[in-house]
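This note's numbering applies: residue 5 is where the sequence shown begins, and numbers increase by one. Read the structure below first, then the notes.
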Amino acid sequence: MRLIFFALLFLTNLMNTFGQSKPDSSKHLVFKGVPIDGTLEVYVSKMKESGFTLKGSRDGTAVLAGDFASYKDCSVEVSTLKQKNLVSKIAVKFPGREDWSSLSSNYFELKKLLTEKYGEPADFEETFQSYEPRDDGSKFHHVLLGSCKYYSTYETPKGAIRLSIENDDRRTGFIKLVYSDKVNSQVIKKDALDDL
């Protein structure tokens with residue numbers, strides 16, 4: 005009987021040991037398998053390990069280049085608040101497009117993947133300001149003028165992800181994907197509120 009008691013006690017302890025979650029950064033939003041947390045230098049180092057190349061760093065933002073979500077030559081900005089070296093936001097700029105067809109195709113393809121992973125967007129709008137253009141040339145012209153309002157925002161317990169169509173100095177259109185970590189954004193907001 006004692007042997008059974010000790011065997012059960014041992015198994016219970018073993019299950020408790022393996023059942024405990026690791027004290028990792030699971031409370032943070034994840035980008036490319038890396039929690040959005042830590043200093044800029046540490047985060048950039050982890051991105052380099054994931055295959056990205058550092059292009060430069062300035063004023064609390066590092067710019068990297070690499071492949072993301074099956075798209076080649078993406079630009080990734082890793083941002084911190086200058087006063088607090090804590091990574092809180094990642095912005096991916098996908099390669100520029102010069103026509104509505106390929107730009108909207110990229111947008112809807114990424115939206116489909118994000119919806120599959122995070123569920124339906126919490127907020128979205130897919131309109132043109134003033135009037136609805138009839139052809140692809142007119143739609144792309146609206147992108148370049150900044151009057152195209154296409155975005156989808158996904159809310160998670162760990163932060164928000166926003167997909168949008170943007171323009172690059174009115175020359176090309178591109179897709180932008182921004183990951184905002186909830187925990188670190190709140191830390192930065194708290195510091196700002198403390199200053200007021």
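Note that beta-carbon positions come from the ideal geometry of N, C-alpha and C, so glycine has one too.
Counted within 10 angstroms of its Cβ, other Cβ atoms place residue i as buried (16 or more) or exposed
i, result
"Arg62", "exposed"
"Leu197", "exposed"
"Leu68", "buried"
"Thr84", "buried"
"Ser108", "buried"
"Gly150", "exposed"
"Ser184", "buried"
"Asp41", "buried"
"Val147", "buried"
"Glu46", "Note that residue 46 corresponds to Val in the displayed sequence, not to Glu. Val46 should be labelled exposed."
"Leu118", "buried"
"Lys115", "buried"
Simplified DSSP state of residue i, which is helix, strand or coil
i, result
"Val182", "strand"
"Ser126", "Reading the sequence as shown, one finds Ala at residue 126 and not Ser. In the structure shown, Ala126 sits in coil (DSSP, three-state: anything other than H, G, I, E or B)."
"Tyr111", "helix"
"Ile192", "helix"
"Glu120", "helix"
"Leu44", "helix"
"Glu2", "Nothing can be reported for residue 2: it is not among the residues displayed for the chain, which extend from 5 to 200."
"Asp103", "coil"
"Leu33", "coil"
"Gly141", "helix"
"Asp199", "helix"
Anticipated Cβ contact below 8 Å, residue i with residue j, distance rounded
i, j, result
"Lys97", "Glu129", "Not really, about 20 Å apart at Cβ, beyond 8 Å."
Inter-residue spacing [alpha-carbon to alpha-carbon] between residue i and residue j
i, j, result
"Asp121", "His32", "The identity of residue 121 in the sequence shown is Lys, whereas the question assumes Asp. Distance between the alpha carbons of Lys121 and His32 is about 16 Å."
"Lys193", "Asp139", "43 Å"
"Thr131", "Ser156", "12 Å"
"Ser49", "Ser142", "43 Å"
"Asp127", "Gly55", "32 Å"
"Phe144", "Asn171", "10 Å"
"Asp199", "Ser106", "45 Å"
"Gly70", "Gly37", "15 Å"
"Glu113", "Glu53", "27 Å"
"Phe72", "Ser168", "16 Å"
"Ala66", "Leu44", "7 Å"
"Tyr158", "Tyr111", "14 Å"
Any non-hydrogen atom of the ligand SAH closer than 7 Å to residue i Cβ
i, result
"Ser109", "This structure simply doesn't include the ligand SAH, nor any ligand for that matter."
Worksheet item: Three or more beta-carbon pairs under 8 Å between the stretch 184 to 191 and the stretch 86 to 105, yes or no?
Response: yes
Fill in: the stretch 70 to 89 touching the stretch 135 to 150, judged by at least three CB pairs closer than 8 Å
no
Worksheet item: How do the stretch 50 to 67 and the stretch 156 to 174 stand: do at least 3 beta-carbon pairs fall below 8 Å, yes or no?
Response: Judged by Cβ distances under 8 Å, the stretch 50 to 67 makes no contact with the stretch 156 to 174, as fewer than three pairs qualify.
Discussion item. Would you call the stretch 165 to 178 in contact with the stretch 97 to 111, where contact means no fewer than 3 C-beta pairs closer than 8 Å?
Written reply: Using a C-beta cut-off of 8 Å, the stretch 165 to 178 makes contact with the stretch 97 to 111, since at least three inter-stretch Cβ pairs fall below that distance.
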